[in-house]
Amino acid sequence: MKVTVVGAGAVGASCAEYIAIKDFASEVVLLDIKEGYAEGKAMDLMQTAPLNGFDTKITGSTNDYSKTAGSQICVITSGIPRKPGMTREELIGINAGIVKTVATSLVKHSPDTILIVVSNPMDTMTYLAHKVTGLPKNRIIGMGGALDSARFKYRLAEALGAPLSDVDGMVIGGHSDTGMIPLTRLATRNSVPVSKFISGERLQQVMEDTKVGGATLTKLLGTSAWYAPGAAVSALVQAIACDQKKMFPCSTMLNGEYGMSDICIGVPVILGKNGIEKIVEIELTDSEKAHMKESAEGVSKTNNLLEF
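Take the working numbering: the final residue in the sequence shown is number 325, and no numbers are missing along the way.
See below:
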């Protein structure tokens with residue numbers, strides 16, 4: 018199993034590290050446009066192998082896509098990260114051109130690959146990858162929902178005073194501060210609704226904290242987060258590589274599901290060896306449907322800024 022990660026910055030390097038440590042891939046290729054940068058990151062990570070006990074080979078390349086040939090899964094993290102005060106949508110001008118070039122270059126050398134898109138604005142960049150590569154819809158996946166759901170669970174556990182392993186919850190909708198829909202109604206602690214443990218007011222605060230999870234970290238760090246995004250990607254890659262049939266909320270192209278078409282937005286999917294093996298349609302309340310419609314309108318507005 019060969020996996021390519023494009024972008025050797027903090028997020029890309031974290032992706033490569035977590036994938037390697039899990040030891041299910043034979044090789045991870047790390048690619049970047051900055052001379053020697055990916056090679057240096059790869060060498061540094063390989064020197065952790067005897068300490069962390071993995072056998073995955075990590076190689077670095079400066080913009081040589083031939084080194085990525087034959088990759089079963091490719092991850093796109095390329096682009097500029099958010100700075101404090103920036104929205105994900107403000108990144109579109111620069112990142113669209115980068116993602117277009119990266120996606121087409123990857124598919125040229127690995128026509129059977131599955132693409133995982135991380136670059137922001139993530140839903141729109143996933144949509145762009147569909148339009149410029151022409152890959153089947155099951156083979157292009159936007160990472161955002163997996164990350165947002167992890168942040169939701171963190172906030173739920175914090176509010177409950179519970180271990181994270183007790184908590185389950187999901188975020189659907191667009192990967193933006195206004196587009197996320199944390200499904201508090203369905204969140205549980207060991208199968209018991211969290212509403213049995215905390216007030217509606219506290220649950221509302223959990224929802225709001227989840228929606229600004231990325232912005233909160235950007236303000237604290239001065240740039241986008243990288244540990245949780247890297248871990249989210251590695252979980253998706255492992256689910257595909259090991260044919261785990263796991264369910265994650267991911268940005269996927271909808272063709273009638275949830276009453277939407279020609280849009281990539283976060284919904285629950287089953288991931289296996291073919292990428293997205295099934296889109297799971299869950300029954301939403303009228304309020305959740307309204308929020309989903311509003312979220313989709315925001316994503317479509319950003320999509321309309323694209324130039325193919």
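Even for Gly, the Cβ is constructed at its ideal location relative to N, Cα and C.
Proximity to residue i [Cα-Cα], best of the options
{"i": "residue 43", "options": "155, 207 and 258", "result": "258"}
{"i": "residue 303", "options": "97, 202 and 145", "result": "202"}
{"i": "residue 245", "options": "271, 199, 170 and 51", "result": "170"}
{"i": "residue 260", "options": "252, 266 and 267", "result": "252"}
{"i": "residue 80", "options": "298, 47, 320 and 102", "result": "47"}
{"i": "residue 275", "options": "85, 305 and 288", "result": "305"}
{"i": "residue 238", "options": "91, 73 and 101", "result": "101"}
{"i": "residue 207", "options": "219, 180, 191 and 192", "result": "180"}
{"i": "residue 312", "options": "290, 272 and 268", "result": "268"}
{"i": "residue 264", "options": "272, 294, 270 and 279", "result": "294"}
{"i": "residue 54", "options": "318, 67 and 76", "result": "76"}
{"i": "residue 20", "options": "291, 307 and 127", "result": "127"}
{"i": "residue 161", "options": "314, 316 and 283", "result": "283"}
Contacts around residue i, its chain only, beta-carbon distance under 6 Å, and the 5 residues preceding and following it disregarded
{"i": "residue 234", "result": "242"}
{"i": "residue 144", "result": "281 and 320"}
{"i": "residue 84", "result": "46 and 78"}
{"i": "residue 132", "result": "91, 146 and 157"}
{"i": "residue 230", "result": "168"}
{"i": "residue 270", "result": "147, 154 and 281"}
{"i": "residue 174", "result": "181 and 184"}
{"i": "residue 69", "result": "38"}
Residue i burial status per 10 Å Cβ neighbour count (16 or more: buried)
{"i": "residue 285", "result": "buried"}
{"i": "residue 140", "result": "buried"}
{"i": "residue 249", "result": "buried"}
{"i": "residue 165", "result": "buried"}
{"i": "residue 158", "result": "buried"}
{"i": "residue 60", "result": "exposed"}
{"i": "residue 125", "result": "exposed"}
{"i": "residue 31", "result": "buried"}
{"i": "residue 112", "result": "buried"}
Close-in-space but distant-in-sequence residues of the same chain around residue i (CB under 7 Å, 5 per side omitted)
{"i": "residue 18", "result": "41, 42, 43, 89 and 258"}
{"i": "residue 95", "result": "23, 24, 115, 116, 119 and 136"}
{"i": "residue 205", "result": "185 and 211"}
{"i": "residue 215", "result": "176 and 177"}
{"i": "residue 322", "result": "109"}
{"i": "residue 58", "result": "25, 30, 47 and 77"}
Whole-angstrom C-beta distance between residue j and residue i, which should lie under 8 Å
{"i": "residue 339", "j": "residue 149", "result": "The shown model of the chain, from 18 to 325, leaves out residue 339, and the question about it has no answer."}
{"i": "residue 27", "j": "residue 49", "result": "Between residue 49 and residue 27 the Cβ distance is about 12 Å, and since that is not below 8 Å, they are no contact."}
{"i": "residue 38", "j": "residue 254", "result": "Actually they are not in contact, since the Cβ atoms of residue 38 and residue 254 sit about 12 Å apart, beyond 8 Å."}
Chain-order list of residues whose beta-carbon lies under 8 Å from that of residue i (same chain, five-residue window excluded)
{"i": "residue 226", "result": "172 and 233"}
{"i": "residue 34", "result": "62, 65 and 247"}
{"i": "residue 228", "result": "194, 195, 197 and 199"}
{"i": "residue 222", "result": "176"}
{"i": "residue 288", "result": "158, 253, 256, 257, 261, 262, 263, 264, 265, 267 and 294"}
Problem set entry | 3 or more residues per run - each beta strand (DSSP E) lying fully within the segment 72-123 | When DSSP assignments are scanned along the segment 72-123, the uninterrupted stretches of beta strand (DSSP E) that are 3 or more residues long and fall wholly within it turn out to be 74-79 and 90-93.
For this session: Could I get the ranges of all uninterrupted alpha helix (DSSP H) runs contained in the segment 213-261, with 4 residues as the minimum, in chain order?
Result: Taking 4 residues as the shortest admissible run, the segment 213-261 contains the following complete alpha helix (DSSP H) segments, listed from N- to C-terminal end: 217-228, 230-238 and 244-258.
For this session: Note down, one range per segment and in chain order, each beta strand (DSSP E) of at least 3 residues found wholly within the segment 162-192.
Result: Those beta strand (DSSP E) runs which fall completely within the segment 162-192 and span 3+ residues are 188-190.
Exercise. Which full runs of the alpha helix (DSSP H) of 4+ residues lie inside the segment 35-64, going along the chain?
Worked result: You should have 54-63.
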